[in-house]
Amino acid sequence: MARLSVLELVSVVTKRQLTRHAYPQGSEVLINGLKNAGSAWIARLTVALQMHPKRVTAAVAALLLTGGSGAFAVASLGPDPADLPVRTLTESVASLADGHELADLTDLQSFSLYRSETTRANDTAESLLQRLGIADPQAAAYMRASDAVRQNVLGPAGRLVSAETTSDHQLSKLIVRWAPDEDGTFRRLTLERVDGKLSTKIDSGKLTASPRLAGGVIRSSFFAATDAADIPDSVSMQMADILQGELDFRRGLRKGDRFAVVYESLEADGEPLRAGRVLSTEFHNSGKVHQALWFQDEGKKGAYYSLDGKSKRQAYLNYPVEFSRISSNFAMRLHPIQKTWRAHLGTDFAAPTGTKVRTVGDGVVSFAGVQNGYGNVIFIEHANQHTTVYAHLSRVDVRQGQRVDQGDIVGAVGSTGWATGPHLHFEFRVKGQQQDPLSIAQAADTAKPISKASRPTFEKLAAQMRVELNAGTQSFAMASTR
Numbered sequence: 005m006a007r008l009s010v011l012e013l014v015s016v017v018t019k020r021q022l023t024r025h026a027y028p029q030g031s032e033v034l035i036n037g038l039k040n041a042g043s044a045w046i047a048r049l050t051v052a053l054q055m056h057p058k059r060v061t062a063a064v065a066a067l068l069l070t071g072g073s074g075a076f077a078v079a080s081l082g083p084d085p086a087d088l089p090v091r092t093l094t095e096s097v098a099s100l101a102d103g104h105e106l107a108d109l110t111d112l113q114s115f116s117l118y119r120s121e122t123t124r125a126n127d128t129a130e131s132l133l134q135r136l137g138i139a140d141p142q143a144a145a146y147m148r149a150s151d152a153v154r155q156n157v158l159g160p161a162g163r164l165v166s167a168e169t170t171s172d173h174q175l176s177k178l179i180v181r182w183a184p185d186e187d188g189t190f191r192r193l194t195l196e197r198v199d200g201k202l203s204t205k206i207d208s209g210k211l212t213a214s215p216r217l218a219g220g221v222i223r224s225s226f227f228a229a230t231d232a233a234d235i236p237d238s239v240s241m242q243m244a245d246i247l248q249g250e251l252d253f254r255r256g257l258r259k260g261d262r263f264a265v266v267y268e269s270l271e272a273d274g275e276p277l278r279a280g281r282v283l284s285t286e287f288h289n290s291g292k293v294h295q296a297l298w299f300q301d302e303g304k305k306g307a308y309y310s311l312d313g314k315s316k317r318q319a320y321l322n323y324p325v326e327f328s329r330i331s332s333n334f335a336m337r338l339h340p341i342q343k344t345w346r347a348h349l350g351t352d353f354a355a356p357t358g359t360k361v362r363t364v365g366d367g368v369v370s371f372a373g374v375q376n377g378y379g380n381v382i383f384i385e386h387a388n389q390h391t392t393v394y395a396h397l398s399r400v401d402v403r404q405g406q407r408v409d410q411g412d413i414v415g416a417v418g419s420t421g422w423a424t425g426p427h428l429h430f431e432f433r434v435k436g437q438q439q440d441p442l443s444i445a446q447a448a449d450t451a452k453p454i455s456k457a458s459r460p461t462f463e464k465l466a467a468q469m470r471v472e473l474n475a476g477t478q479s480f481a482m483a484s485t486r
């Protein structure tokens, strides 16, 4: 079969389209006119094809393809919905209002609102109520006049406040909770309006502990990472104490290190008040994994162990003050008062007045009182002829001859004696000679190992914590990269 060019193909198709129909007799003139018009159109098309063969070929191909795809687009494989059978079902339903009277509109508008806040040091009755969204002059006046409210609500900072109000923002009940001591209890102040009169009462309750998992990744510093993860300061400090023999939390951490911690959240009436003890922790530092677990053997004092059962207890804590900066090291310095260069035989920790001071190790108080430039000072005798000194205190909480355990609170930071500002002057003496407290070797304490009878219980707890901590560090690391 001979092949036809595009020009010949179009010419043949056009001629066939013009001659394929039958015309009635007597239409020769019309047919001749159509033929002449067709011939003229074919002539013009032929000239166009000769001048632009590629464009015309593309146009014909596009026309054929568009027609095909359009057919696919509108093709329907399903039945016509109009041909489907239709059934109508009718069923009666009883009204929910049958046998009940509709509530009055005024009843629907009567409801209670609940809000929570924390107290601030500069709070007044008006400022606290305003943050709670309460507009109640009678309640504000009552709070200003109440000794119990002034002492326990408007003075201290950081106490949890819960308020119940009416729909028009009048105070119905206000409850303040706080835990003043670490004895497992909390205090509760309730201010309530009954029959239009306000009254106050204070009672106690028992704190409940529930475990909480948290963690993060080091970007700049450890404490910046714990702040970003909303980990309480007391938990961060416990972690630093637990792992102090293995990690330098001030200079030894690297960007990208990650950690996880399980700690107790102490709650009052279901509301978290403060953090409790660290139950377990894991820290990934420079490719090494450091882990610790709290375990209390039967009949013994609880302590921290590695997950394979080795004691984590150190003879001394690194720092006697939580969350402070070192303002003066153990070195030569210009004395701030005498203005002469002399050896500074201790380490100064700058901290606000009233910051708690703790003993770095077990011992016995050999002196507690006022002494020369030290001001209010405490001397504690430890084993191996070691002595620690805590000076410039604003408050002394121990007495001479008292036995203290590592971490016990012995006083508070102040500026008594020869001090130009609030700080703790801390000394570590060996046989009466001062040594740099930060260079003391952190030898492991002689803690007794876990008993053979308690070993299965410890192993079970360690296996559980190992899974939780590993999952925690992985998930927190992944979340920080998003």
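Note that the working numbering has the sequence shown beginning at 5, numbered continuously upward.
Each residue gets a CB set at the ideal place from its N, CA and C atoms; glycine is no exception.
Looking from the CA of V221, the closest CA among E286, L277 and T204 belongs to E286.
Residue pairing by DSSP places F226 in no beta bridge whatsoever. Straight across, the Cα-Cα distance linking G373 with S176 is about 50 Å. Taking the CA atoms as reference points, S310 sits about 5 Å from A296. In terms of Cβ geometry, R407 and V368 form a close pair [threshold 9 Å]. Burial of D140 is indicated by the presence of at least 16 other C-beta atoms within 10 angstroms of its C-beta. In this chain, the beta strand (DSSP E) harbouring E121 covers S116 to T122.
Counting the other Cβ atoms within 10 Å of the Cβ of D352 gives 16 or more, which makes it buried.
Under the 8 Å Cβ criterion, the stretch 461-472 counts as touching the stretch 303-318, having at least three qualifying pairs. Only residues of its own chain outside the window of five on either side were considered, and among them E268, S269 and E271 have a CB closer than 8 Å to the CB of S214, listed in chain order.
Boundaries for I454: no alpha helix (DSSP H) harbours it, and the DSSP string shows neither H nor E there. With a cutoff of 9 Å on beta-carbon distance, H396 and V364 are scored as not near each other. Taking L217 as the centre and dropping the five residues before and after it, the same chain places the C-beta of A264, V265, V266, E472 and G476 closer than 8 Å to its C-beta, in chain order. In this structure, DSSP gives I246 a helical state, which the three-state scheme calls helix. When DSSP states are grouped into helix, strand and coil, R135 belongs to the helix group.
Beta-carbon to beta-carbon, D172 and R192 are separated by about 27 Å, too far to satisfy the 8 Å threshold. From the listed residues L428, I413 and V414, the smallest Cα separation to T420 is found for L428. For Y308, the uninterrupted beta strand (DSSP E) run begins and ends at A307 to Y309, by DSSP.
Three or more beta-carbon pairs separated by less than 8 Å link the stretch 273-292 to the stretch 231-250, which places the two stretches in contact. At the C-beta level, D273 and I179 come within 9 Å of one another. Setting aside the 5 residues that flank it on each side, L158 is surrounded in the same chain by D127, each with a C-beta closer than 6 Å to its C-beta; the list follows chain order.
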